[in-house]
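Numbered by mature numbering (1 follows the signal peptide of the UniProt record, and there is no 0), the letters in the sequence shown go through residues -23 to -1, 1 to 558 in order.
Note that beta-carbon positions come from the ideal geometry of N, C-alpha and C, so glycine has one too.
The model shown is predicted, which means the values in this text are computed figures rather than measured ones.
Notes follow once the structure below has been shown.
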Amino acid sequence: MRYFKTGGLAALLALSAAPAALAAAPQLAVTLKPAAAEGVGPNGEGIVPFVDVTVEIPDVAVEAGAPLLRLPLVANNVKSVADTLTDLTARDAAGPVALTAKDDADRPAMAYRHWTAARAVKGALTVRYRAPNTTLANPRGAAPPLELRTDGGGFSGAAETFLILPEADAKYGLALRWDLSAAGPGAAGVSNFGTGDVTSSGPLSADDLGATYVMGGAIHRYPEAPPKQGFFSAWQGSPPFDGRELMRWTESLYHHYLGYFKAVGTPPYGVFLRPNLVNAGGGVELNGAFIGTFDQKTDVKDFKFTLAHEMVHTFVRSLDASKEDGPQGLASSWFSEGIAVYYQNRLPLRAGMITGDEFLKDLNTTAARYYTNALNGTPNSAIPDRFWADTRIRVLPYDRGALYFALVDGEVRKASHGKRSLDDLILAMLDRRRHGRPMDHAAWVEIITHELGPRGKLELDAMLNGALVLPDDDAFGPCFTRTTAPLRRYQLGFDPEVLIQPKRIVHGLIPGSAAADAGLRDGDEIVKPVPQDMIQGNQQATLTLQIRRDSQVFPITYLPRGETVQAYQWARRPDAPANCR
């Protein structure tokens, strides 16, 4: 998954090349002071209960009653600390500033808490408060791993979920400081911008400030002595794999990507790992860094594809925003998520870092999820409004987008007699951005039409309107061929919007579904959020709901599958040599 307002590797490069712009921009000073770890976590490790936050804002000039500060209530379906922070104070040269809060209406994309001051505020303003770390699953269900979370003696989160910022949309330089005096020996603090105290090399928008990711406390790092430029990684908790070995693999892949995407410069490039109680195994990209998540059942071979996927986001990013793109850029996620899924197995295979069988397994997971998806005819225009409400909609930009790019790759290769491929088109898009030209939907239409003629735009429009995407038999190279297999559709068994409600009361139960046969009833309360995205891609994965009925709490487990359909898959050609990839 991609966090849709971020700038990727190119944004960090732009920042590192803009000292003059920073000199003209005011600087926001943020100090994070994590508490000492206490208590016992699930693996016998400490929990960091809170982080004390100090925000120093220069050059404030706000009249009494005018908007002064803000913090999202909800961002990307993630609750912030707005309702749980304590000890909030504000002070300027004239003394304490009394604050009054007012909230926007709730919505999954972005809703804010705004603070106004009882009097005029002028000059430097210092804001202090205590932000609690959570150990609980996101109450809103599936969402990117952005919340301020603690486990394993460490904590992490995206600034958007805990950092109070000025209401004004001015750009600020960022001076991020760590006070680890209470965190104990060996504690460290890292962020997108590097290890320890850092200062951004250029001004940041409110979106970029919010997309700053931090991790601190008793955390693990690779390399142990982090470089000032290039790859570094940090993780909290106890993954069920060798974190250091996995990060060595990821660092090697990063160097392949640098060459493949023709990246210029090597700003700090952070990879963060942390546990996830809902939808473990996923990830998110934030301003040229990315976060991967795990639980104790995470398979490291599968997890490598998550890391490869998020890394693509840092190099390619999404299409430039447009008015038609909808909230969070979700209407263009067919491009950003589709290309990330397309390359997440292609590039590691080319680099010799996965086997042909591993490539095939990942490809077929995508194909199975798409061709069994009962909603795979949903037009792209309907995705933004339903993205968080239904897992079948949420995965559609990933799966349909990836297969669309595979279709395009095959057609470009045939039209050029093997001289060109999708790679040339993506590099042409990136070259536009490097030279200050739009990398937007219109640019893709221009490039695909130039390459394939009118057919290019017709196929794009058909895909966006919900037509089934079917790459050619040989779309994935000479080693593999298209086939079919009997697979079952994913069926939750009740209205999927139940799972994003504050109180999850089952309704719309489908008679005869696996959920109904397992004993679920309309009116049951689901007391814990449940993952679906990964389960949807696994034909054998069961779903367990913790149900409250008549004051009793008990589990109901079932296989969330419905009718069987013939779904397209790819298999190794019988005559392909063993080393064919």
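Exercise. Who are the Cβ neighbours of Asn256 in its own chain at under 7 Å, not counting the five residues just before and after it?
Worked result: Translated into the one-based positions of the sequence shown, residue 256 becomes position 279. If we look at Asn256 and ignore the five residues flanking it on each side, its Cβ neighbours are Ala119, Pro508, Asp510, Met511.
For this session: Within the same chain, show all residues whose beta-carbon is closer than 6 Å to that of Glu474, passing over the 5 residues directly before and after it, in chain order.
Result: Reading the sequence shown from its first residue, position 497 is the one you call residue 474. Scanning its chain for C-beta atoms nearer than 6 Å, with the 5 sequence neighbours on each side dropped, one finds around Glu474 the residues Ala366, in chain order.
Exercise. Would a C-beta distance cut-off of 8 Å place Pro532 and Leu520 closer than the cut-off?
Worked result: By 1-based counting over the sequence shown, the position of residue 532 is 555. By 1-based counting over the sequence shown, the position of residue 520 is 543. Judged by beta-carbon spacing, Leu520 lies beyond the 8 Å limit of Pro532, meaning their Cβ atoms are not closer than that value.
Problem set entry | Exposure of Ala273, with buried meaning 16 or more beta-carbon neighbours within 10 Å | Residue mapping note: residue 273 aligns to position 296 of the sequence shown, counting from 1. Checking the displayed sequence, the identity of residue 273 turns out to be Gln instead of Ala. It is exposed - the Cβ of Gln273 has fewer than 16 other Cβ atoms within 10 Å.
For this session: To the nearest angstrom, report how far apart Asn264 and Val32 are at their CA atoms.
Result: Counting from one through the sequence shown, the residue named residue 264 turns up at place 287. Counting from one through the sequence shown, the residue named residue 32 turns up at place 55. Answer to the nearest angstrom: the Cα atoms are 21 Å apart.
Problem set entry | As assigned by DSSP and simplified to three states, the class of Arg558 | The residue you call residue 558 lines up with position 581 of the sequence shown. It is coil, neither helix nor strand.
Problem set entry | For Ser490, three-class secondary structure by DSSP | As a working mapping, residue 490 is identified with position 513 in the sequence shown. Residue state, collapsed to three classes: coil.
For this session: Would you kindly check if the distance between the Cβ of Tyr89 and the Cβ of Arg126 is under 8 Å?
Result: For this step, residue 126 is matched to residue 149 along the sequence shown. For this step, residue 89 is matched to residue 112 along the sequence shown. Going by beta carbons, Arg126 and Tyr89 fall outside the 8 Å limit.
Problem set entry | Supposed contact pair Ala95 and Ala75 - C-beta distance, whole angstroms, cut 8 Å | In the sequence shown, residue 75 corresponds to position 98, counting from 1. In the sequence shown, residue 95 corresponds to position 118, counting from 1. Cβ atoms of Ala75 and Ala95 come within 8 Å of each other, at about 4 Å.
Exercise. Does DSSP classify Phe208 as helix, strand or coil?
Worked result: On the sequence shown, position 231 is the one that residue 208 refers to. Of the three classes helix, strand and coil, the one that applies to Phe208 here is strand, per DSSP.
Problem set entry | Short Cβ contact (8 Å threshold) for Glu137 with Ala52 | Sequence index remark: in the sequence shown, residue 137 carries index 160 (1-based). Sequence index remark: in the sequence shown, residue 52 carries index 75 (1-based). Result yes, Cβ atoms of Glu137 and Ala52 sit closer than 8 Å.
Exercise. Is it buried or exposed for Pro361, if we count other Cβ within 10 angstroms and need 16 for buried?
Worked result: Counting from 1 along the sequence shown, the entry for residue 361 is found at position 384. Per the 10 Å Cβ criterion, buried.
Problem set entry | Nearest-angstrom Cβ-Cβ length linking Leu441 and Asn357, presumed shorter than 8 Å | Along the sequence shown, read from residue 1 onward, the residue named residue 441 stands at position 464. Along the sequence shown, read from residue 1 onward, the residue named residue 357 stands at position 380. The pair is a contact, with the Cβ atoms about 4 Å apart (cut-off 8 Å).
Exercise. Any C-beta of chain C sitting closer than 8 Å to the C-beta of Gly166?
Worked result: Of the protein chains in the structure, only one exists, and it is not chain C.
Problem set entry | Chain-order list of residues whose beta-carbon lies under 6 Å from that of Ala452 (same chain, five-residue window excluded) | For the purposes of this step, residue 452 is identified with residue 475 of the sequence shown, where counting begins at 1. Contacts found: Ala383, Gly387.
Problem set entry | Cut-off 6 Å between Cβ atoms - residues of its own chain near Tyr199, not counting five sequence neighbours on either side | Within the sequence shown, residue 199 is the residue found at index 222, counting from 1. Closer than 6 Å at the Cβ level, and outside the excluded window around Tyr199, lie Ser210, Arg221, Met224.
For this session: Within the stretch 292 to 357, note down every full alpha helix (DSSP H) run reaching 4 residues or more, in order along the chain.
Result: Restricted to the stretch 292 to 357, the alpha helix (DSSP H) segments that are unbroken, complete and at least 4 residues in length are 310 to 327, 333 to 348, listed in chain order.
Problem set entry | Closest residue to Arg323 among Phe139, His286, Arg377, Asn110 (Cα-Cα distance) | As a working note, residue 323 is residue 346 in the sequence shown. The shortest Cα separation from Arg323 among Phe139, His286, Arg377, Asn110 belongs to His286.
Exercise. To the nearest whole angstrom, what separates the beta carbons of Ala114 and Leu254, a pair I think is in contact under 8 Å?
Worked result: Sequence index remark: in the sequence shown, residue 114 carries index 137 (1-based). Sequence index remark: in the sequence shown, residue 254 carries index 277 (1-based). With 8 Å as the limit, Ala114 and Leu254 qualify as a contact, their Cβ atoms being about 4 Å apart.
For this session: Round the Cβ separation of Val261 and Leu123 to the nearest angstrom and send it over; I've been treating them as touching at under 8 Å.
Result: Walking along the sequence shown from the start, residue 261 turns up at place 284. Walking along the sequence shown from the start, residue 123 turns up at place 146. Contact flag correct, Cβ pair sits at about 7 Å.
Exercise. Is Ala419 buried or exposed, if buried means 16 or more other CB atoms sit within 10 Å of its CB?
Worked result: Along the sequence shown, one-based indexing puts residue 419 at 442. The residue is exposed, with fewer than 16 neighbouring Cβ atoms inside 10 Å.
Exercise. Measuring CB to CB, does Val372 end up less than 8 Å from Gln513?
Worked result: Position 395 of the sequence shown, counted from the start, is the residue given in the question as residue 372. Position 536 of the sequence shown, counted from the start, is the residue given in the question as residue 513. Taking 8 Å as the Cβ cut-off, Val372 and Gln513 qualify as a contacting pair.
Exercise. What's the call for His290, buried or exposed, on a 16-neighbour Cβ count within 10 Å?
Worked result: Along the sequence shown, read from residue 1 onward, the residue named residue 290 stands at position 313. With 16 or more other Cβ atoms within 10 Å, it is buried.
Problem set entry | Residues near Ile487 in its chain [Cβ-Cβ closer than 6 Å; skip 5 each side] | As a position in the sequence shown, residue 487 is number 510, starting the count at 1. Cβ neighbours of Ile487 beyond the five flanking positions: Gly470.
Exercise. First and last residue of the alpha helix (DSSP H) that includes Glu436?
Worked result: Taking the first residue of the sequence shown as 1, we reach residue 436 at position 459. From DSSP, the alpha helix (DSSP H) with Glu436 extends over 431 to 441.
Problem set entry | Residue span of the beta strand (DSSP E) that contains Ile524, given as start and end | Against the sequence shown, residue 524 aligns to sequence position 547. Boundaries of the beta strand (DSSP E) harbouring Ile524: 520 to 526, taken from the DSSP string.
For this session: Would you give the residue range spanned by the alpha helix (DSSP H) that residue 567 belongs to?
Result: This structure does not reach residue 567, given that the chain is present from -23 up to 558, and the question cannot be answered.
Exercise. In angstroms, rounded to a whole number, what distance separates the CA positions of Asn110 and Trp212?
Worked result: Here residue 110 corresponds to residue number 133 of the sequence shown, with the count starting at 1. Here residue 212 corresponds to residue number 235 of the sequence shown, with the count starting at 1. The alpha-carbon of Asn110 is positioned some 16 Å away from that of Trp212.
Problem set entry | Nonlocal neighbours in the same chain, by C-beta distance under 8 Å from Ala392, ignoring five residues either side | The residue labelled residue 392 in the question sits at position 415 within the sequence shown. Excluding positions up to five away in sequence, the list reads Glu428, Leu429.
For this session: Just grab the DSSP bridge partners of His197 for me.
Result: Position 220 of the sequence shown, counting from 1, holds the residue named residue 197. Under DSSP, the beta-bridge partners assigned to His197 are Trp212.
Exercise. Where does Phe27 sit, in a helix, a strand or coil, going by DSSP?
Worked result: Working through the sequence shown from its first residue, we reach residue 27 at position 50. In the three-state reduction of the DSSP assignment, Phe27 falls in the strand class.
For this session: Counting only runs of 4+ residues fully inside the stretch 219 to 262, write out the alpha helix (DSSP H) ranges in chain order.
Result: With a minimum length of 4 residues, the continuous alpha helix (DSSP H) runs that stay inside the stretch 219 to 262 are 220 to 237.
Exercise. Is Ala195 closer than 8 Å to Ala14 when the C-beta atoms are compared?
Worked result: One-based indexing of the sequence shown puts residue 14 at position 37. One-based indexing of the sequence shown puts residue 195 at position 218. Against a cut-off of 8 Å, the Cβ pair of Ala195 and Ala14 comes out as a contact.
Exercise. Is the stretch 181 to 197 touching the stretch 225 to 233, taking contact as three or more C-beta pairs under 8 Å?
Worked result: These segments do not touch.
Exercise. Can you list, in chain order, the residues of its chain whose CB lies under 6 Å from that of Ser398, leaving out five sequence neighbours each side?
Worked result: Your numbering for residue 398 matches position 421 in the sequence shown. Excluding sequence neighbours, Ser398 sits near Asp386, Val389, Arg390.
Exercise. What's the gap between the Cα of Gln546 and the Cα of Gly454?
Worked result: Translated into the one-based positions of the sequence shown, residue 546 becomes position 569. Translated into the one-based positions of the sequence shown, residue 454 becomes position 477. C-alpha separation (whole angstroms): 14 Å.
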